[in-house]
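So the structure is just underneath, and the comments pick up after that.
Okay, structure coming up:
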């Protein structure tokens, strides 16, 4: 390493390492990140203050501290997080130990590993682009280390060219390289990361402000027709048990029969975002699905796969269905009440003919009650700590879906009609670019299910009675109008923004679908479409793919001769070619005159022609004045030359 | 002029038997206004070659035998006090001749060597602040014993560069040797040689040589050779720009002797061993072998 260059190279190297480690701030514990920053900063100052750099003993001490921090965080070195942290600490420590050029290379390679470890945490397209970019900078650093003069832009340009050239190879390897599922033990120390989502309980009275999170929960791509928004109920956990405030799931036995379905089948693919629970939100009522999906007693789909990874499922649902008979455990759970309903409630039920008319009449009466009385839909309801249902029904009249659903179910049960709360998502926004539905956290919903004779479980959505637009609007932007009273859809900028978001979302969807979810199964599917069914034939395929490329490159490098623009030379080369056909090859370093003499011995009958051609060529190429006439003569002579 | 050159070569080949190529190269070197270094073991005809050329060209000729105790003043001359006129008078040394044969130049000390080499380069001599021009034309033919022989001071690379060409004579072949042994003494033959190319005509030829055309294609080839020597691991150190110029000058002279008004790659190839051999590997006398990789690898276009 040339001493006058190290400063620039070090700045370049440290900057690229800074860029690489920066996004890890989200993934690694702050203590580790802080420790790395300390080492990094120390080294950075050390560029100018050589004496401040630590000696061997201090580095040893720092290494011990690093190990202690690691052990404190992970109780060992196994697992994904611990491994990543180890690499980051090692990188930081190695930075303090740059003595030879070799150390620079080692650091660069370590930095590549740290850069790729980012993909263990985040696989979004933006992150991939970012990592590609910083790898490009790192490559530029490597180029600078090797070049005699540090030219940042030149190095960056070369690195960009190298990266661009390597992309096709990366794509080919991505598609063709055998995919191996990581063994389970490699991940055993991985802590599940908490993610927001629907919970398995509901307590409407204790919420005074329901946030409208735009976080994506899942996407759905329909193979054919798309059901209208008012039928798009994505079924989540069913909450049957209540203590008056809180609603939770109840253990029930399997339903007696399978639901009878009629009408249009809707085929679709669900792409679930990572989540905590193993729930899969299918359109009511899922009928055809495959492993690892199972249908539980509440007609909710669950997966046995890893919910914290993105996953794709194919499901067929029917929106017209009859579930049939109710079993005793279902009945018990669906009529459970925390105690004797209050008189006020009973009075309301009897006033709406809950006790003396058929259930469907009472349902209509109740929905009508919500509609005609002064009930309001709001996302910011008042707190109802005590007796939330009564407070809602008789005092506040303000609530969102959970309030309506829970009050509705409570009143049904008071009238001895089996009912339960179903949570899930409703609607979803159509992404016109990618032609798929996006279901976000803001689409979370709760509705009621009532068991009626001859029909089975029937969905009743009391929120629809009070806030029609909540259910029927196709686009969530319009839905927000209901929340905030701002007609956002009419603002051009907003439309433009929405389109951009849809476009991005579509790109992102395809990224996940085709890149992230490309596992060994999709690989073998993809390859079998080319007639490649096993690893062996795939290797043959790869050889068949790579061999011609290498052969072409070899040919190019071996036989590529400097292109000549000289017309005279072109014609003379034609003459040489004619002779070469008869085994008279001109050597690389052989002058034309010598060649002519040599050829004349072999072809005595052509002496005059060869002499003339050689003389003309020498005159045209090396002579003082070249006449157009001579050129023409050479052309005709070579043209008519026959061996 | 061409005729005179032809006759000159013929006459020279009568004396120096079986070495037409070396004779031709030696003449080429003179036509290109270069100095010649002949490196070989004693007794193969180095001195005879120089003497013959001097005779045929009608140049006044002086031989300086270099020994280990020769001084610069013995070569370039010195100022001697003239008692009659009470002043110092310059007595020119043997270097003030049109053709100087520096025999066994590597026997002398570097100090004496450099005195001659400076005169060669400057074509003038400065003694005690006064400059004396050397006669025109001025040639130095130096002979050198192979440096592995005892009592030699091999010329350093920087001084070897002053010689346009280095040639080796080598033993004569069987037939030539027989002729040599059975014929008259070379010395007496040499004395009786007529002048074939008088100095005025020689200067005209030298002028004509500079007019030989060098095309861009030839320059490409010349540069390809130079860059090959600089990049190839074969050579410790590549050809200098001065070597490049020397190569072109020699090629032009060769083309002229071949009766052409434009130099072609073959001319460069013909003189390459003589021009580049001592510049690429000083200690090695196998010039042809030294440049063989160049001839084989550098493409002619």
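Protein chains in written order, with my numbering: chain A, 30 to 672; chain B, 201 to 501.
Glycine included, C-beta positions come from ideal geometry on N, C-alpha and C.
What you are looking at is a predicted structure, and each value in this text was computed from that prediction instead of being measured.
8 Å Cβ cutoff, residue 461/B in contact with chain A:
The residue given as residue 461/B occupies position 261 in the second chain. True, the Cβ-Cβ gap to chain A drops below 8 Å.
Considering Cα atoms alone, identify which of 338/B, 312/B, 396/B and 370/B is closest to residue 355/B.
Translated into positions along the second chain, residue 355/B becomes position 155. Checking every option, the nearest Cα to that of residue 355/B belongs to 312/B.
Say whether the segment 286 to 301 of chain B touches the segment 326 to 341 of chain B, bearing in mind that this needs 3 or more beta-carbon pairs closer than 8 Å, one atom from each stretch.
Under the 8 Å Cβ criterion, the segment 286 to 301 of chain B counts as touching the segment 326 to 341 of chain B, having at least three qualifying pairs.
Per DSSP, the bridge partner or partners of residue 232/A:
As a position in the first chain, residue 232/A is number 203, starting the count at 1. Answer by DSSP bridge pairing: none, since residue 232/A is not bridged.
If you count every other CB in all the chains shown that lies within 10 Å of the CB of residue 563/B, and 16 or more means buried, which is it?
What the structure shows of chain B is the stretch from 201 to 501, and residue 563/B is not part of that stretch, so it cannot be assessed.
For residue 36/A, count the other beta carbons within 10 Å of its own beta carbon; 16 or more makes it buried, fewer makes it exposed. Which is it?
The count along the first chain starts at 1 and reaches residue 36/A at position 7. Classification for residue 36/A: exposed.
Does the pairing of the segment 267 to 275 of chain B with the segment 235 to 251 of chain B give three or more beta-carbon distances under 8 Å?
The segment 267 to 275 of chain B and the segment 235 to 251 of chain B do not touch, with fewer than 3 CB-CB distances between them shorter than 8 Å.
Taking only beta-carbon atoms, is residue 539/A less than 8 Å away from chain B?
For the purposes of this step, residue 539/A is taken as residue 510 along the first chain, with counting starting at 1. Chain B places no beta carbon closer than 8 Å to that of residue 539/A, leaving this residue out of the contacts.
For residue 330/A, which three-state DSSP category applies?
Residue 330/A sits at position 301 when you count from the first residue of the first chain. Residue state, collapsed to three classes: strand.
Distance, residue 263/B Cα to residue 423/B Cα
As a first step, residue 423/B must be located in the second chain, where it is residue number 223. As a first step, residue 263/B must be located in the second chain, where it is residue number 63. Cα to Cα, the separation comes out at about 38 Å.
Can you name the residues of chain A whose CB is closer than 9 Å to the CB of residue 497/B?
Here residue 497/B refers to the residue found at position 297 of the second chain. 617 and 618, listed in chain order.
Would you say the segment 416 to 430 of chain A touches the segment 369 to 387 of chain A, given that touching needs at least three Cβ pairs under 8 Å?
Short answer: they touch.
Using a 10 Å radius around the Cβ and a threshold of 16 neighbouring Cβ atoms, would you call residue 114/A buried or exposed?
Residue mapping note: residue 114/A aligns to position 85 of the first chain, counting from 1. So residue 114/A counts as buried.
Stretch pair the segment 383 to 395 of chain A + the segment 442 to 450 of chain A: three plus CB contacts closer than 8 Å
The segment 383 to 395 of chain A is in contact with the segment 442 to 450 of chain A.
Mind checking whether residue 253/A and residue 310/A have CB atoms under 8 Å apart?
Taking the first residue of the first chain as position 1, residue 253/A is located at position 224. Taking the first residue of the first chain as position 1, residue 310/A is located at position 281. Result no, Cβ atoms of residue 253/A and residue 310/A do not sit closer than 8 Å.
Is there a C-beta anywhere in chain A that falls below 8 Å from the one on residue 426/B?
One-based indexing of the second chain puts residue 426/B at position 226. No, no contact with chain A.
Near residue 692/A, which residues of its chain fall below 6 Å by C-beta distance, leaving aside the five closest residues on each side in sequence?
As shown, chain A starts at 30 and ends at 672. That puts residue 692/A outside it, with no answer to give.
Please report the straight-line C-alpha distance between residue 655/A and residue 335/B, rounded to a whole angstrom.
Along the first chain, one-based indexing puts residue 655/A at 626. Along the second chain, one-based indexing puts residue 335/B at 135. The straight-line gap from Cα to Cα measures roughly 40 Å.
How is residue 333/B classed by DSSP in three states: helix, strand or coil?
Translated into the one-based positions of the second chain, residue 333/B becomes position 133. In the structure shown, residue 333/B falls within a strand segment according to DSSP collapsed to helix, strand and coil.
From residue 276/A to residue 413/A, what does the alpha carbon distance come to, in whole angstroms?
As a working note, residue 276/A is residue 247 in the first chain. As a working note, residue 413/A is residue 384 in the first chain. Spanning the alpha carbons of residue 276/A and residue 413/A requires a straight line of approximately 15 Å.
Along chain B, which residues have their Cβ under 9 Å away from the Cβ of residue 560/A?
In the first chain, the residue the question calls residue 560/A occupies position 531. Per Cβ cutoff of 9 Å: no residues; residue 560/A is ~47 Å from chain B at best.
Output the distance between the C-alpha atoms of residue 582/A and residue 162/A, rounded to the nearest integer angstrom.
Locating residue 582/A in the first chain gives position 553, counting from the first residue. Locating residue 162/A in the first chain gives position 133, counting from the first residue. Cα to Cα, the separation comes out at about 28 Å.
Report the rounded CA-to-CA distance for residue 577/A versus residue 571/A, giving the unit in angstroms.
Indexing the first chain from 1 puts residue 577/A at position 548. Indexing the first chain from 1 puts residue 571/A at position 542. Those two C-alpha atoms are separated by around 10 Å.
Starting from residue 585/A, trace the alpha helix (DSSP H) both ways and give me its first and last residue.
Position 556 of the first chain, counted from the start, is the residue given in the question as residue 585/A. Looking at the DSSP string, the run of the alpha helix (DSSP H) that includes residue 585/A is 564 to 588.
Listed in chain order, which residues of the segment 414 to 425 of chain B have Cβ atoms closer than 7 Å to some Cβ of chain A?
For the segment 414 to 425 of chain B, which is checked against every Cβ of chain A, the residues closer than 7 Å are 415, 417 and 418.
Starting from the Cα of residue 232/A, find the closest Cα among 188/A, 586/A and 273/A and give me that residue.
Within the first chain, numbered from 1, the residue matching residue 232/A stands at position 203. With distances taken between Cα atoms, residue 232/A lies closest to 273/A.
Does the beta carbon of residue 642/A sit closer than 8 Å to a beta carbon anywhere in chain B?
Working through the first chain from its first residue, we reach residue 642/A at position 613. Chain B contact via Cβ: absent.
Near-chain B residues of the segment 647 to 667 of chain A (beta-carbon distance less than 7 Å), N- to C-terminal order:
Hits within the stretch, in order: 647, 650, 651, 652 and 653.
Mind checking residue 333/A: buried by the 16 CB within 10 Å criterion, or exposed?
Sequence index remark: in the first chain, residue 333/A carries index 304 (1-based). Flag for residue 333/A reads exposed.
Cα-Cα separation between residue 88/A and residue 452/A, rounded to whole angstroms:
Sequence index remark: in the first chain, residue 88/A carries index 59 (1-based). Sequence index remark: in the first chain, residue 452/A carries index 423 (1-based). Put simply, the backbone Cα of residue 88/A is about 57 Å away from that of residue 452/A.
State yes or no: is the beta carbon of residue 500/B nearer than 8 Å to at least one beta carbon in chain A?
Here residue 500/B corresponds to residue number 300 of the second chain, with the count starting at 1. For residue 500/B, at least one C-beta of chain A is nearer than 8 Å to its own C-beta.
Buried or exposed: where does residue 616/A fall if 16 or more other Cβ atoms within 10 Å of its Cβ makes it buried?
For the purposes of this step, residue 616/A is taken as the residue at position 587 of the first chain. It is exposed - the Cβ of residue 616/A has fewer than 16 other Cβ atoms within 10 Å.
What would DSSP say about residue 385/B, mapped onto helix, strand or coil?
Position 185 of the second chain, counted from the first residue, corresponds to residue 385/B. Residue 385/B sits in coil when the DSSP states are folded into three classes, being neither helix nor strand.
If you check the beta carbons only, do residue 243/A and residue 471/A fall under 8 Å apart?
Counting from 1 along the first chain, the entry for residue 243/A is found at position 214. Counting from 1 along the first chain, the entry for residue 471/A is found at position 442. Their beta carbons are under 8 Å apart, which means residue 243/A touches residue 471/A by this criterion.
For residue 314/A, does the three-state DSSP call read helix, strand or coil?
Within the first chain, residue 314/A is the residue found at index 285, counting from 1. The answer is coil: DSSP assigns residue 314/A none of H, G, I, E or B.
Using a Cβ-Cβ distance under 8 Å, would residue 645/A count as near chain B?
Here residue 645/A corresponds to residue number 616 of the first chain, with the count starting at 1. Output row for residue 645/A: interface = no.
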